[in-house]
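Right, one structure below, let's go through it.
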Amino acid sequence: MCFRPSTTIKPIKCPVCSSVNSSIAKKCAKCKADLVAFKTEATDADEVEDNIVSKQ
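Numbering-wise (our numbering), the sequence shown opens with residue 133 and increments by one.
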């Protein structure tokens with residue numbers, strides 16, 4: 133049997149050109165925009181959303 137880790141790797145949508153990038157990308161493959169700052173903001177927003185959902 134093959135077991136996969138429980139974490140899901142989400143692709144990152146570039147905030148500049150809306151191109152979908154790998155979750156480990158540091159720059160957008162299409163427009164070269166910096167994705168590192170955007171990933172940090174998205175992670176913080178995901179944590180807040182998870183907390184709200186878990187409290188319901």
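Note that the Cβ used here is the ideal one computed from N, Cα and C, for glycine as well. Please read these numbers as outputs of a predicted model, since none were measured by experiment.
* Expressed to the nearest angstrom, what Euclidean distance is found between the alpha-carbon atoms of Ile144 and Ser154? -> Distance between the alpha carbons of Ile144 and Ser154 is about 6 angstroms.
* To do: Please classify Val152: does DSSP put it in a helix, a strand, or coil?
  => In this structure, Val152 counts as strand in the three-state DSSP scheme.
* Asked: If we call anything under 8 angstroms between Cβ atoms a contact, is Val148 one with Ala165?
  -> In this structure, Ala165 lies closer than 8 angstroms to Val148 by Cβ.
* From Val152 to Phe135, what does the alpha carbon distance come to, in whole angstroms? -> The straight-line gap from Cα to Cα measures roughly 27 angstroms.
* Rank Ala169, Val168, Cys163 by C-alpha distance to the C-alpha of Ser150 and give the top, closest one. => Of the candidates Ala169, Val168, Cys163, the one whose C-alpha sits nearest the C-alpha of Ser150 is Cys163.
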